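A quick write-up on the structure given underneath.
Numbering (the working numbering), first residue to last: 15 to 177.
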């Protein structure tokens with residue numbers, strides 16, 4: 015990766031992390047849900063630059079998110095964002111092979127996996143019904159997916175959604 019591109023990614027990462035800090039949250043059964051803009055940014059990094067960079071960036075974003083929001087679960091976001099970064103890096107390998115629908119299905123399934131693992135770690139030892147657990151995971155996944163869809167249609171001229 016060239017120095018200029020790396021500098022642009024660092025600047026965009028800082029901007030996205032600042033946006034993530036100020037995103038409003040909402041309550042669902044007394045659980046706070048915050049849209050995850052960082053995973054959307056990782057989707058674009060994975061689509062354009064591949065696995066290596068998205069795994070490293072996912073770990074750095076995840077560990078900083080752990081330090082800022084949830085010290086009691088240190089490493090949970092770093093682990094899940096790194097693991098999902100591996101999957102999102104696959105988008106670069108199959109960019110010209112998969113249709114837009116397959117890419118979107120793959121991204122949605124990865125978002126579901128990310129939030130399933132994260133909330134499994136987050137809710138371990140907490141008495142919560144499995145229906146609420148599944149609802150929280152689906153709401154978070156659908157919210158992130160909808161934001162990705164809107165951003166892709168509005169700002170990136172359907173780079174991910176169309177072939």
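Using N, Cα and C, we set each Cβ at its ideal position, and we do this for glycine too. Computed from a predicted structure; not experimentally measured.
Span of the alpha helix (DSSP H) around residue i
i: residue 124; result: 114–136
i: residue 37; result: First-last for residue 37: undefined, no H or E at that position.
i: residue 174; result: Looking at the DSSP string, residue 174 is not in any alpha helix (DSSP H), and its letter there is neither H nor E.
i: residue 156; result: 144–168
i: residue 47; result: Unbroken run through residue 47 is the beta strand (DSSP E), 45–47; no alpha helix (DSSP H).
i: residue 58; result: 51–63
i: residue 87; result: Per DSSP, residue 87 belongs to no alpha helix (DSSP H) and is neither H nor E.
Contact under 9 Å by Cβ, residue i with residue j
i: residue 27; j: residue 55; result: yes
i: residue 103; j: residue 66; result: yes
i: residue 176; j: residue 135; result: no
Sequence-distant residues of the same chain with beta carbon closer than 7 Å to residue i, five excluded per side
i: residue 42; result: 150 and 153
i: residue 133; result: 147, 150 and 151
Cβ-Cβ separation, residue j to residue i (assumed contact under 8 Å), whole Å
i: residue 21; j: residue 34; result: The Cβ separation is near 20 Å, so there is no contact.
i: residue 157; j: residue 49; result: 5 Å
i: residue 137; j: residue 147; result: 6 Å
i: residue 23; j: residue 59; result: 7 Å
i: residue 155; j: residue 110; result: Wrong, their Cβ atoms sit about 26 Å apart, outside the cutoff.
i: residue 40; j: residue 47; result: 6 Å
Residues of its chain near residue i, where Cβ-Cβ distance is below 6 Å and the 5 sequence neighbours each way are ignored
i: residue 64; result: 103 and 106
i: residue 79; result: 91
i: residue 131; result: 94
Contacts around residue i, its chain only, beta-carbon distance under 8 Å, and the 5 residues preceding and following it disregarded
i: residue 57; result: 102, 105, 121, 162 and 174
i: residue 167; result: 175
i: residue 124; result: 98, 101 and 102
i: residue 96; result: 69, 72, 73 and 76
Exercise for the section: Check whether the segment 63–79 touches the segment 92–103, counting contact only when three or more Cβ pairs, one atom from each stretch, lie closer than 8 Å. Expected result: As far as the Cβ criterion goes, the segment 63–79 touches the segment 92–103, which means the pair count is three or higher.
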